[in-house]
Every structure is written in structure tokens, then in C-alpha cells.
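In this note's numbering, the protein residues as written are 100 to 360.
Here's what the structure looks like:
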């Protein structure tokens, strides 16, 4: 079994958003040196049934499989957890009350009210010895399955200290594009107000023993993100990186061709 996301936090994990929607791609990404993928049910055209195949392929390739949910509803959260994603990233979070509801959906009692059923997540009830019982199975799932609200709104930012302190929240994912838009400074990631917001989120997470994930589209900014104190970095989209790789290789090939003509 590959290392869990929590275990990988000791070694500065790097991941990418999964948008291409192929099990072969998910498996192949495991050969790149990535630590995790985020299967994007929000912006990607995926449902739980197809996400299941991507989760299985990612795990086969040695990757941690996280997923971003399509919406903050009980079915959207429950189905992704039941198919075995290691953690869910929840977008469009605005308030403490909303996160408290997410905890109810994503965590078993006594933390929440997640519905219990043997599914792929626990090998349909055969992952743990029968002697451990339902209560022990729920405790294991509460520890191993991660709830990661996405801080990308002014509302979430304004209450981040309370949100990060909630029992049941495992970490925070920062969506820089939407956060900067919500702050009225779209795409101005070096703006002092935006940088102060990042530090505020980081401080809230680390004060409460929670991890913090940041996202960038520039590979050159990954090291700077870790130096700032982020615990994991998301880098780009698989589709965009594929395009960039072909552009680079073809530009080099055509440059070599021009010197021979």
C-alpha cells in the first residue's frame, strides 16, 4: 500500500489537478514523481462512478487520490468518500456554519453524522477484523479520510481562525484565483493584502495543528511555497502541463530543423 497523504506531509508532497479523465492518465501520473492528484468533480466533467476508476488507477500508480467535490451536498460528499478517495476538497466555503455541516456529512459519529455502509473504502466491510466492530471502523475512517475546506472567499477568510480550529477539519486548501477575485484584486498574488491573507490562513492552520495546501500554475513557485510554510503544493492541471510539454518539445524540434535547412 502506498504512503498516505498524512505520511507524505513529512516530505513536502506535490500534486496536480486531474482534468483529463482517463484511468490510464491517472496511473501514468504515478510515474512522474507526483505524490497526489486532485480529481476535479467541480470543474471537471466527472461523477462518482468515473471517479472510482480514477481513484483505483491512481492508487495502482502509487498516488494519493484526493477529490474536489462538485457541491456541498450530502450525496456529493458521501459518494466520493464511499468509493475510497483519501480526502475531499470542498470549494465555495463561506462560513463556520457551512463547515460544521460539512463535518456532519464527512465524518462518522461522534464527530459527525456520516451514514455508515460497507463500501469500497473498507473493502465492503472486510478491511478490518470483525472483532473491531462498527465503532472502531468509524474511528479509523475519521482519522484516515481527510476533510479539506477550500479557502477562496472573503467569508471563509474572515472566519478562518474558527474554521481551522474545528474538530473534523483536517486541513485547508487555498484557491488563490478565486480568493484574489473575492478580495477585489484578481490575480494580484504579490499584492500585500493577498500575501497577508495567505499568512493569516497559514497561521490559523498551524496554530491548530492542521496542514495547509497552496496552488500554483508555475513550477518555479513550488519551492517558494514550501519556504513560506505551506505543507503541500498543488501544481497546475494535467491537461495544461501536457500542452506545455508538447509546446516545449515541438519548439525545440522546429528550432533544430531550422538550423538544418
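Think of the CB as a built atom: it goes at the ideal place given N, C-alpha and C, for glycine as much as any other residue.
Quick caveat, the model's predicted, so the values are computed rather than measured.
Cut-off 6 Å between Cβ atoms - residues of its own chain near residue 156, not counting five sequence neighbours on either side: Your numbering for residue 156 matches position 57 in the chain shown. The answer, listed in chain order, is 122, 125, 126.
The stretch 307 to 317 contacting the stretch 326 to 341, beta-carbon criterion three pairs below 8 Å: yes
Cutoff 6 Å; reference residue 285; Cβ partners in own chain excluding five residues on either side: For this step, residue 285 is matched to residue 186 along the chain shown. Excluding positions up to five away in sequence, the list reads 279.
Selection from 293, 112, 262 that minimises the alpha carbon distance to residue 275: By 1-based counting over the chain shown, the position of residue 275 is 176. Residue 293 is the option with its Cα nearest to residue 275.
Buried or exposed by the 16-neighbour rule on C-beta atoms within 10 Å, applied to residue 134: Sequence index remark: in the chain shown, residue 134 carries index 35 (1-based). Residue 134 should be labelled buried.
Inter-residue CB distance, residue 190 and residue 251 (contact presumed, cutoff 8 Å): Within the chain shown, numbered from 1, the residue matching residue 190 stands at position 91. Within the chain shown, numbered from 1, the residue matching residue 251 stands at position 152. Indeed they touch by this definition, with Cβ atoms about 7 Å apart.
Distance between residue 220 and residue 45 (C-alpha atoms, nearest Å): Nothing can be reported for residue 45: it is not among the residues displayed for the chain, which extend from 100 to 360.
3 or more residues per run - each beta strand (DSSP E) lying fully within the stretch 164 to 225: 186 to 189
Distance CB(residue 166)-CB(residue 184) smaller than 8 Å: Position 67 of the chain shown holds residue 166. Position 85 of the chain shown holds residue 184. For residue 166 and residue 184, yes; Cβs fall inside 8 Å.
Where the beta strand (DSSP E) containing residue 249 begins and where it ends: Position 150 of the chain shown, counting from 1, holds the residue named residue 249. For residue 249, the enclosing beta strand (DSSP E) stretches over residues 245 to 250.
Touch test, the stretch 294 to 305 against the stretch 336 to 353, Cβ-Cβ under 8 Å, three pairs minimum: Judged by Cβ distances under 8 Å, the stretch 294 to 305 makes no contact with the stretch 336 to 353, as fewer than three pairs qualify.
Residue 144, buried or exposed, once every other Cβ within 10 Å from all chains shown has been counted against 16: Along the chain shown, read from residue 1 onward, the residue named residue 144 stands at position 45. Result: exposed.
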